[in-house]
Each structure stands twice: as C-alpha cells, then as structure tokens.
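Chemist:
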Amino acid sequence: MNDLSEKMGPHDLGGDDAGPIDIQDYGMKHWEKQSNALRMTVTKKKLATLDEMRRAAEDLGERYFELSYFERLAEALVIVLKEKKIITDEELDSQIVVVKERFNVPIVDLPHDHDHDGKPIQEDESGEGPLYHQLVSLAVQDLLERHSFIDSVEIREKIEKFDADYPNRGPKVVARAWVDEEFKSQLLKDANPAIESMGIDLEHAVKLIVVENTLDIHNIVVCTLCSCYPRQLMGQPPTWYKSRSYRSRVVKDPRGVLEEFGTKLPLTMQVITHDSNADMRYMVLPRRPSGTEGWDEARLESIISRDALVGISIPEINTQ
Amino acid sequence: MTDKIISSYTLAPNNRFNIGDRVLVHSNSSPGHRRTPGYIRGRMGIIERICGEFLNPEELAYGFDGLPKRILYRVSFKQTDIWSDYSGAVNDTLEIEIYEHWLLPVENS
Numbered sequence: 000m001n002d003l004s005e006k007m008g009p010h011d012l013g014g015d016d017a018g019p020i021d022i023q024d025y026g027m028k029h030w031e032k033q034s035n036a037l038r039m040t041v042t043k044k045k046l047a048t049l050d051e052m053r054r055a056a057e058d059l060g061e062r063y064f065e066l067s068y069f070e071r072l073a074e075a076l077v078i079v080l081k082e083k084k085i086i087t088d089e090e091l092d093s094q095i096v097v098v099k100e101r102f103n104v105p106i107v108d109l110p111h112d113h114d115h116d117g118k119p120i121q122e123d124e125s126g127e128g129p130l131y132h133q134l135v136s137l138a139v140q141d142l143l144e145r146h147s148f149i150d151s152v153e154i155r156e157k158i159e160k161f162d163a164d165y166p167n168r169g170p171k172v173v174a175r176a177w178v179d180e181e182f183k184s185q186l187l188k189d190a191n192p193a194i195e196s197m198g199i200d201l202e203h204a205v206k207l208i209v210v211e212n213t214l215d216i217h218n219i220v221v222c223t224l225c226s227c228y229p230r231q232l233m234g235q236p237p238t239w240y241k242s243r244s245y246r247s248r249v250v251k252d253p254r255g256v257l258e259e260f261g262t263k264l265p266l267t268m269q270v271i272t273h274d275s276n277a278d279m280r281y282m283v284l285p286r287r288p289s290g291t292e293g294w295d296e297a298r299l300e301s302i303i304s305r306d307a308l309v310g311i312s313i314p315e316i317n318t319q
Numbered sequence: 000m001t002d003k004i005i006s007s008y009t010l011a012p013n014n015r016f017n018i019g020d021r022v023l024v025h026s027n028s029s030p031g032h033r034r035t036p037g038y039i040r041g042r043m044g045i046i047e048r049i050c051g052e053f054l055n056p057e058e059l060a061y062g063f064d065g066l067p068k069r070i071l072y073r074v075s076f077k078q079t080d081i082w083s084d085y086s087g088a089v090n091d092t093l094e095i096e097i098y099e100h101w102l103l104p105v106e107n108s
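Sequences listed follow chains C and S, in order.
Just so you know, numbering that gives the first Met the number 0 puts 56 at position 57 of the first sequence, and the rest follows in order with no gaps.
Just so you know, numbering that gives the first Met the number 0 puts 97 at position 98 of the second sequence, and the rest follows in order with no gaps.
1) Name, please, each residue of chain C whose Cβ falls closer than 9 Å to the Cβ of phenylalanine 16 of chain S.
2) Return the Cβ separation of leucine 49 of chain C and threonine 40 of chain C in integer angstroms, given the expectation that the two are a contact with Cβ distance under 8 Å.
3) Does valine 77 of chain C pass the burial test, meaning 16 or more other C-beta atoms within 10 Å, or should it be called exposed?
4) If contact is defined by three or more beta carbon pairs under 8 Å, each pair taking one atom from either stretch, is the region 185-199 of chain C in contact with the region 257-268 of chain C?
5) Roughly how far, in whole angstroms, is the beta-carbon of aspartate 92 of chain C from the beta-carbon of lysine 81 of chain C, given that I think they are within contact range, below 8 Å?
6) Taking C-beta pairs closer than 9 Å, name the residues in chain B that leucine 66 of chain S reaches, listed in chain order.
7) Run the CB neighbour count on alanine 297 of chain C, radius 10 Å, all protein chains shown included, and call it buried at 16 or more, exposed below.
8) Interface residues of chain S around asparagine 276 of chain C at Cβ under 7 Å?
9) In the DSSP assignment, what residue or residues form a beta bridge with histidine 207 of chain C?
10) From which residue to which residue does the alpha helix (DSSP H) around glutamate 47 of chain S run?
11) Just grab the DSSP bridge partners of glutamine 320 of chain C for me.
12) If we call anything under 7 Å between Cβ atoms a contact, is arginine 38 of chain C one with cysteine 225 of chain C?
13) Under 7 Å Cβ-Cβ, which residues of chain C neighbour alanine 11 of chain S?
14) Under 6 Å Cβ to Cβ from arginine 34 of chain S, same chain only, skipping five residues before and after it: list those, please.
15) For the region 17-28 of chain S against the region 244-254 of chain C, do three or more pairs of beta-carbon atoms, one drawn from each stretch, fall closer than 8 Å, so that the two count as touching?
16) Does the region 281-290 of chain C come close enough to the region 31-51 of chain S that 3 or more CB-CB pairs lie under 8 Å?
17) Just by C-beta distance, which residues in the region 36-54 of chain S are closer than 9 Å to chain C?
18) Given glycine 128 of chain C, which residues of its chain have a CB within under 6 Å of its CB, disregarding the five upstream and five downstream residues?
19) I need the straight-line Cα distance from methionine 27 of chain C to phenylalanine 69 of chain C, nearest angstrom please.
20) Is the beta carbon of leucine 71 of chain S sitting closer than 7 Å to the one on glutamate 106 of chain S?
21) Can you check which of these residues, S/Tyr38, S/Asn17, S/Ser28, S/Pro30, is closest to aspartate 16 of chain C by C-alpha distance?
22) Pull the bridge partners of histidine 273 of chain C from the DSSP assignment, please.
23) Of all the CB atoms in chain S, is at least one closer than 7 Å to the CB of threonine 262 of chain C?
24) Can you list, in chain order, the residues of its chain with a C-beta nearer than 7 Å to that of arginine 230 of chain C? Leave out the 5 residues immediately preceding and following it.
25) Around the C-beta of arginine 101 of chain C, are 16 or more other C-beta atoms found within 10 angstroms, so that it is buried, or is it exposed?
26) If we call anything under 7 Å between Cβ atoms a contact, is glycine 87 of chain S one with valine 270 of chain C?
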C-alpha cells in the first residue's frame, strides 16, 4: 500500500529506510546559536517567512543532506533575502571578507617553525578557522543591521533566552501539572493560556498542544518534513531530533526507535506518533513516576528531561 | 503578561469537517512547497480536532500573503492503514495536521 506515497523531495523523509540513530546530543556551537537567533529574528520582523526558508532549503535538492542543518539554514536565508531584494550578492561577498578578517590572530613573535608561511592565522572557538557558512550567517546579520532591519542586541538576547530561559520552561509546566489537577486539565484542553497563566511568555510565536502519557498510551513527537519543535517552551531540539534517521524512521517504527533509546513498551500500550508538520507544536506530558509522592515542584522538575518531553524517554527516579 | 488570553486554537468558520468524520488525504503529487508528507497521501483517517484557520503555507512559501486562510485539522490514522508491514500494536496510531483543501470526505459505510 506504500506505493501510493510519492516523496516531495529530499526533505520528505517519513517512512524512509535509514540507519540507527545517533542518540547523543552534541549541543550547538556558538555560530549555530547565532544562526538560529538570526532566523527567528528575521521571521519575527516579517522580513521573510519560515515557509519561504523551508522552500528554499527543500529546493537545494541533493545538496540538502550534504549540508548540516545550520548550513542549510544559512543558505536558505540568503536565497530568500536575495529574492526579496533585501541583500545583494555583491554586498554579501564583500561583508564575508570583512567578517573573515575579524578572526585573524595577530602574528606576534611566532617561532620560525610556526609562522604559517607568513599567512594570517584564523581562529574561532574550535581552534580552527571559521566555517564558510558561519561567515555567511555573521555577514547576513551585519547587513541586516546596516540596513536597520535588526539590531545585534536582539540577536544576543535571543541567544541568551535559548541558553538560560526556554529550556527550563517545559519541566516547570510538567511539574505544575503533576501537582495540580485543575491546571493539568486546562493544559490538556488548551495549552497556551494554561502555560501563560504561569507567567511564561510564549511571545505569540507558538501554538501548543500537550499530549498526556497514561498507563495505556505513550506519545512520541517528530517533524518528518523539517524540525518543528516548541522552542519557546523547550529550547533547542536535541541533535538526534533533527537527524535523518529519526525523522525517517519514527513514523513507521516508533517502538523500534524507542528501544534504541532504551525505552521498551509493551504491545498492550498504544503508541501515538505525532508528526508536527504544520502550525501546531507538541509537548508530551510524561506520567509522574511512583515514589515521588509529596515532592515539591522544584524537586519534580529535576527528574524531567528534555527527551521525556519529546516522548523518547520516561522520567524515572534514581533509586540508588 | 499579555492582557488577552490567547488560545492554542482559532475559529474555523464554515469548516467542512467535524471531529470524528472519516476523511481521505489527496494523493496528488503536484509540485511546490506542501506540508502534506508523501507517506500520508491517499490514506484514510478520522478528524481528531480542529486547530483553527491559518495562513496557507503553500502561498507563504513563495512570498505571497497566504490568504485566504485554510482550516487546519489534526487527523488520526491507524498505523496499519499507513504501513502494510507495520510491526507495532494494531491500535497504534499516527496523528498529523492536514489543511482542509488536502482532505476529501468519505461516506460512512
């Protein structure tokens, strides 16, 4: 029956065969955080839509998977900003040269066997020179700032929110739902107002659905077409969430994928897979583990991992 | 905090489908930016909830205003109706968002 399916392009991965999932989360380099913050600022200011950037990335064809997630994002952003005549190739090329020079390390009395043949040494946080796409992303930010569309403070503040604020929100909401039945029923019925009633500002940027794990039902979330994720509630998705293997396989074999993450579920339990493909974003409300009776919200938060909010793991208490 | 309470859902005027309705996803393969993945096209499911109306991503993707808005539904599918070789439990389901213009009514038999 699968012969009905026709892939739209390289991004349309749901149901593809793919290898094992690398379940480690590698975090993000600073330039990736900058690139992410830049994208979110560009869409918030309506300079371009997320849909335009997705379309530009999809149209990269075979190169789609030759590039990393943030490399694709950088290229897609440039394509769309050029289409909209917000930036030009010429100014981008010359700004890339300027940005590259910022990474120059002054040559001061280097030993003769380490003088890099008299060439400037380039350094970034990796100790290597900057990647091309990093230069592109920084240069785009410079140009948008020069044209007074954005301001670098906004980008920095967005990065800080991603580091220090957004990732803490999901566990707070779950802990509240675990101790307050009335809140929980509001959360499941209509998540946005329930979450905002806790003083969490969702910035009108995301429409949320919370799905509850019970004794009989386990929920798991994926975005097969890109990497939709409730960032204002949960921060950055883990590396594997954006991977080809996860996106391809979890819609067709959710139980197999869960087992790779060490979560084995009985066949008596229903698994509901949520493909977050359009305008809504999803958080799983995990089941409160037994042994946590009488715990306060702060202590409950400490056992709620990001993976549990995607439905890939189940909160447990360390009994050792 | 915001003065106005903003729901996760918006109104869906003149919705063609209601919760519980059986629907079929269009199986056309027209080019362009679409949010209906290949694997779900041509499959039959049941309306799980109505999310409201949203700007049309198929238009937004090319720089247009996304109007008229399109009603978005969440549709629930039995996994065994999607994949003939599904290896999990028979009551496992997949839920996904589909815009109204991608859905066709199915007569209840």
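Ideal placement from N, C-alpha and C gives every residue a C-beta, glycine not left out.
All values reported here derive from a predicted model rather than from experimental measurement.
Modeler: Judging by the given coordinates:
1) By one-based count along the second sequence, residue 16 of chain S stands at place 17. For phenylalanine 16 of chain S, there are no C-beta contacts with chain C under 9 Å, since the nearest C-beta of that chain is about 16 Å from it.
2) Within the first sequence, numbered from 1, the residue matching residue 49 of chain C stands at position 50. Within the first sequence, numbered from 1, the residue matching residue 40 of chain C stands at position 41. At roughly 12 Å, the Cβ-Cβ gap does not stay under 8 Å, so leucine 49 of chain C and threonine 40 of chain C are not in contact.
3) As a working note, residue 77 of chain C is residue 78 in the first sequence. With 16 or more other CB atoms across the displayed protein chains lying within 10 angstroms of its CB, valine 77 of chain C is buried.
4) These segments do not touch.
5) Counted from its first residue, the first sequence places residue 92 of chain C at position 93. Counted from its first residue, the first sequence places residue 81 of chain C at position 82. Incorrect: roughly 12 Å between the Cβ atoms, too far for contact.
6) Here the protein chains are C and S, and chain B is not one of them.
7) Taking the first residue of the first sequence as position 1, residue 297 of chain C is located at position 298. A residue is called buried once 16 or more other Cβ atoms fall within 10 Å of its Cβ, and alanine 297 of chain C, having fewer, is exposed.
8) As a working note, residue 276 of chain C is residue 277 in the first sequence. Chain S residues near asparagine 276 of chain C: Arg34, Pro36, Ile95, Glu96.
9) Here residue 207 of chain C corresponds to residue number 208 of the first sequence, with the count starting at 1. Strictly speaking, residue 207 of chain C in this sequence is leucine, with histidine absent from that position. BP columns for leucine 207 of chain C point to C/Arg280.
10) Stepping through the second sequence from its first residue, residue 47 of chain S is reached at position 48. Taken as a continuous stretch (DSSP letters only), glutamate 47 of chain S belongs to no alpha helix (DSSP H), being part of the beta strand (DSSP E) at 43-53.
11) Absent from the structure is residue 320 of chain C, since the part of chain C shown begins at 0 and ends at 319.
12) Within the first sequence, residue 38 of chain C is the residue found at index 39, counting from 1. Within the first sequence, residue 225 of chain C is the residue found at index 226, counting from 1. Contact annotation: arginine 38 of chain C and cysteine 225 of chain C have beta-carbon atoms that are not nearer than 7 Å.
13) The residue you call residue 11 of chain S lines up with position 12 of the second sequence. In chain order: nothing, as chain C lies at least about 12 Å away.
14) The sequence position of residue 34 of chain S within the second sequence is 35, counting from 1. Pro56, listed in sequence order.
15) Judged by Cβ distances under 8 Å, the region 17-28 of chain S makes no contact with the region 244-254 of chain C, as fewer than three pairs qualify.
16) These segments do not touch.
17) If the cut-off is 9 Å between Cβ atoms, the region 36-54 of chain S has Pro36, Gly37, Tyr38, Ile39, Arg40, Gly41, Arg42, Arg48, Cys50, Gly51, Phe53, Leu54 near chain C.
18) By 1-based counting over the first sequence, the position of residue 128 of chain C is 129. Beyond the five residues adjoining it in sequence on each side, glycine 128 of chain C comes within less than 6 Å, by CB distance, of Gln121 in the same chain, given in chain order.
19) To locate residue 27 of chain C, count along the first sequence from 1; it is residue 28. To locate residue 69 of chain C, count along the first sequence from 1; it is residue 70. C-alpha separation (whole angstroms): 10 Å.
20) Within the second sequence, the letter at position 72 stands for residue 71 of chain S. Within the second sequence, the letter at position 107 stands for residue 106 of chain S. Their beta carbons are not under 7 Å apart, which means leucine 71 of chain S does not touch glutamate 106 of chain S by this criterion.
21) As a first step, residue 16 of chain C is located in the first sequence; it is residue number 17 there, counting from the start. Taking only the C-alpha atoms, the option nearest aspartate 16 of chain C is S/Tyr38.
22) As a working mapping, residue 273 of chain C is identified with position 274 in the first sequence. Among the bridge pairs identified by DSSP, histidine 273 of chain C is matched with C/Val220, S/Glu94.
23) Position 263 of the first sequence holds residue 262 of chain C. Taking CB atoms only, threonine 262 of chain C has no neighbour in chain S less than 7 Å away.
24) Residue 230 of chain C sits at position 231 when you count from the first residue of the first sequence. Cβ within range, chain order: Tyr165.
25) Walking along the first sequence from the start, residue 101 of chain C turns up at place 102. Looking at its Cβ environment, which holds fewer than 16 other Cβ atoms inside 10 Å, arginine 101 of chain C is exposed.
26) If you number the second sequence from 1, residue 87 of chain S lands on position 88. If you number the first sequence from 1, residue 270 of chain C lands on position 271. Cβ atoms of glycine 87 of chain S and valine 270 of chain C: closer than 7 Å.
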